[in-house]
Amino acid sequence: MYSFGSDEYIQRIVEVHSRTLLRVAYNIVRSREESEDIVQDVLLSLITRGTAFDSEDHEKAWLIRATINKARNVLKKNARLVSGEQCADISSRPAVSESGGEVLSTVLSLPEKYRIPVHLYYYEGYSTKEISEILRLPQPTVCTRLSRARAMLRDMLG
Amino acid sequence: MDMREKYIEEMDSVRFSEGFERDTVRLLRQAAASGSEHAKGETVMFRKKIYKIAAAAAAIVILLSGTVYAARVLLTPSEVAQRLGQTGIAQAFDSPGAVTIGESQTFGDYVLTLDGIAEGKALTSAAGEMGTQVKQDRSYAVFSLTRADGTPMPDDCLYDAMPFTLSPIVNGIEPWRLSIFSLDACVMRTASDGTEYILMDTENLAIFADKGVRIAVYEGLSPGPEIFAVYPGGTTDFALGYDGQRAMFDLPLDPAKADPDAARELLKSIDEDYTDYFIISTESGYEDKTVSTYDSFEINEDNFVPGTASDELDDIPVPDDRTTPTTATQPAP
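Line by line, the protein sequences are chains H and G.
Going letter by letter, the first sequence gives residues 1 to 158 in our numbering.
Going letter by letter, the second sequence gives residues 159 to 491 in our numbering.
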């Protein structure tokens, strides 16, 4: 076990989590550059605040949740900047898939409340119970959102 | 291939910056080192755009003293911006509103010179893919960094990582609330002919012109109350208890360009944006906790003068003499 804040700890935390966190952030903000900013913010928060965890799973869940919150903050701020309004519809941002993939583009075009469960379930392999804990939502709500997301994707992808 | 496999494949095909992990490790190590330098585990604040800022913080990384030397500027601010590929900013520095300054301060073996400032609406390449619709007023400053003994800066000077930071500060407003870390800043660096150049791009500083705006140079990253204080009379300056290296450059902004409404809105936005979210593990799952960055610092009573900082912009008095440069070779008032 590495001591918190040591070079080895930092190396591990970046190597183990940055890939996951970048994709979680990208799923929300749909911008690679902003995703990188967000992930660095989150990892800095971890390092500078000395947050300790019971396990690597707990650590990962915390980082994912923090990344989601940071990314949502960025979306809200950008919505204000773009629209000049306090309550701009943050879901109105056009989906951009920088890979050009049809499925990814379609997933990214879903409302954010559907995108994150889809990503955590299909990409990260979390169970609906684990997603409910990360998102602090009732498990049935997660199941409903996944079901609706699948239905929308089927329609959209033909 | 089913939809899940396609999604994973396409998500995996999204390419992030090649050096992201390497740069992040470097940044975190710097943060950890900086934090460990502060006594009693005081919280160190890092903000958005730190990835870009950290490189500049590392650049301003020098031992400070107060002697003033003549500037050695090889490139003009406009040329610096051009060299960095920022055509719009270069035009701002060529415009009539740009101000040539040329004030130098010697920092041990180095000299830091504020070459000039300008305002404009140009987007930097770092403004982000979301920023294509954003046309805000921005402030720009160009610094040059040379060795005091005249020897050229080393070829790898852009990769130096020493714990100094430069940041705009505004009188009456705590730097841990408003600084380069909350001003949506981008700092770019380039080097030419033995001189390093630093281009700072921030939110529009002119909106605070009636209060007095300066650029502070200090050790470490976090502009916390162990380094800065807001003093009676409305001056924000180095804290009495701060014994680190320091420098301060006055920005000759036109008070007529002050925009209290815009300043108030920016501060409100900063306060909203810089709330941190935490998750606490409990027996029943996870609980959210929000903590304002503003509240997260431990106030050092030796440095902080209670009641002099104000959330109300209109309550911040204009310092008696903002035209006197505060080079901070002496302790703050």
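Virtual Cβ for every residue (Gly too), placed ideally from N, Cα, C.
Keep in mind it's a predicted model, so treat the numbers as computed, not measured.
Proximal residues, the region 175–192 of chain G versus chain H, C-beta separation under 7 Å: Those residues of the region 175–192 of chain G that come within reach of chain H (Cβ to Cβ, closer than 7 Å) are Ser-175, Phe-178, Glu-179, Thr-182, Val-183, Leu-185, Leu-186, Arg-187, Ala-189, Ala-190.
C-beta neighbour in chain G for H/Gln-139, strict 8 Å: no
Closer than 8 Å to chain G by CB, H/Val-24: no
Residue closest to G/Tyr-298, alpha-carbon to alpha-carbon, out of G/Asn-329, G/Glu-332, G/Pro-254, G/Leu-357: G/Leu-357
Chain H contact for G/Val-345 (CB, 8 Å cutoff): no
Members of the region 383–406 of chain G near chain H, C-beta cut-off 8 Å: Considering only beta carbons, no part of the region 383–406 of chain G lies closer than 8 Å to chain H.
Cut-off 7 Å between Cβ atoms - residues of its own chain near G/Thr-394, not counting five sequence neighbours on either side: In the same chain as G/Thr-394, and ignoring 5 residues on each side of it, the C-beta atoms closer than 7 Å to its own belong to Ile-327, Val-328, Asn-329, Gly-330, Ile-331, Pro-333, Phe-386, Val-388, in chain order.
H/Arg-154 burial status per 10 Å Cβ neighbour count (16 or more: buried): exposed
Residue span of the alpha helix (DSSP H) that contains G/Phe-145, given as start and end: Residue 145 of chain G lies beyond the stretch modelled for chain G, which goes from 159 to 491, so this question has no answer here.
Below-8 Å beta-carbon distance, H/Tyr-126 vs any chain G residue: no
G/Leu-411 classed as buried or exposed, judged by whether at least 16 other C-beta atoms fall within 10 angstroms: So G/Leu-411 ends up on the buried side.
Beta-carbon neighbours of G/Glu-332, restricted to chain H and to distances below 7 Å: Within chain H, no C-beta atom comes less than 7 Å from the C-beta of G/Glu-332; the nearest is roughly 18 Å away.
CB contact flag (H/Leu-21, H/Val-42, <8 Å): yes
Same chain only: Cβ atoms within 8 Å of G/Ala-367, ignoring 5 sequence neighbours per side: Leu-411, Asp-412, Pro-413, Ala-414, Lys-415, Ala-416
Extent of the continuous alpha helix (DSSP H) to which G/Glu-163 belongs: 161–170
Whole runs of the alpha helix (DSSP H) within the region 2–36 of chain H, excluding any shorter than 4 residues: Runs found: 7–29.
7 Å Cβ shell around G/Phe-407 - same chain, five flanking residues per side excluded: Glu-261, Leu-272, Arg-372, Ile-373
Touching by the beta-carbon criterion (3+ pairs, under 8 Å), the region 396–403 of chain G and the region 237–253 of chain G: no
Alpha carbon of G/Ser-325 to alpha carbon of G/Asp-307, nearest angstrom: 26 Å
Residue-chain proximity (H/Tyr-114, chain G), Cβ-Cβ < 8 Å: Not an interface residue.
Nearest-angstrom Cα separation, counted from G/Ile-365 out to G/Pro-236: The displayed chain sequence assigns Ser, not Pro, to residue 236 of chain G. Cα to Cα, G/Ser-236 sits roughly 23 Å from G/Ile-365.
Validate contact between the region 6–26 of chain H and the region 55–65 of chain H using beta carbons, cut 8 Å, 3 pairs: yes
Pairwise C-alpha distance: H/Tyr-126 and G/Ala-229: Low confidence applies here, because G/Ala-229 scores a pLDDT of 42, under 50, leaving its location unreliable; read the following figure in that light. Each residue's Cα considered, the two are about 59 Å apart.
Partner residues on chain G for H/Gly-158, Cβ-Cβ distance less than 9 Å: Result: empty, since nearest Cβ-Cβ is about 12 Å, beyond 9 Å.
Bridge partner(s) assigned by DSSP for G/Arg-296: G/Gly-278, G/Glu-361
Spatially closest choice to G/Pro-418 from G/Glu-163, G/Pro-383, G/Gly-370, G/Ala-190, by CA coordinates: G/Gly-370
G/Asn-458 at chain H interface by Cβ criterion, 8 Å: Low confidence applies here, because G/Asn-458 scores a pLDDT of 33, under 50, leaving its location unreliable; read the following figure in that light. Look at G/Asn-458: its C-beta is not under 8 Å from any C-beta on chain H.
Distance cut-off 7 Å: G/Gly-382 Cβ against heavy atoms of the ligand GDP: Among the ligands in the structure shown, none appear at all, so the ligand GDP cannot be discussed.
With 16 other Cβ atoms within 10 Å as the buried cut-off, status of H/Ser-55: exposed
Per-residue contacts from H/Glu-15 into chain G (C-beta, under 7 Å): Those are Glu-179, listed as they occur along chain G.
Proximity test, Cβ basis, 8 Å: G/Tyr-298 and chain H: no
Where the beta strand (DSSP E) through G/Tyr-376 begins and ends: 371–377
Cβ contact (3+ pairs, closer than 8 Å) linking the region 103–111 of chain H and the region 173–183 of chain G: no
C-beta neighbour in chain G for H/Asp-7, strict 8 Å: H/Asp-7 has a beta carbon lying within less than 8 Å of a beta carbon in chain G.
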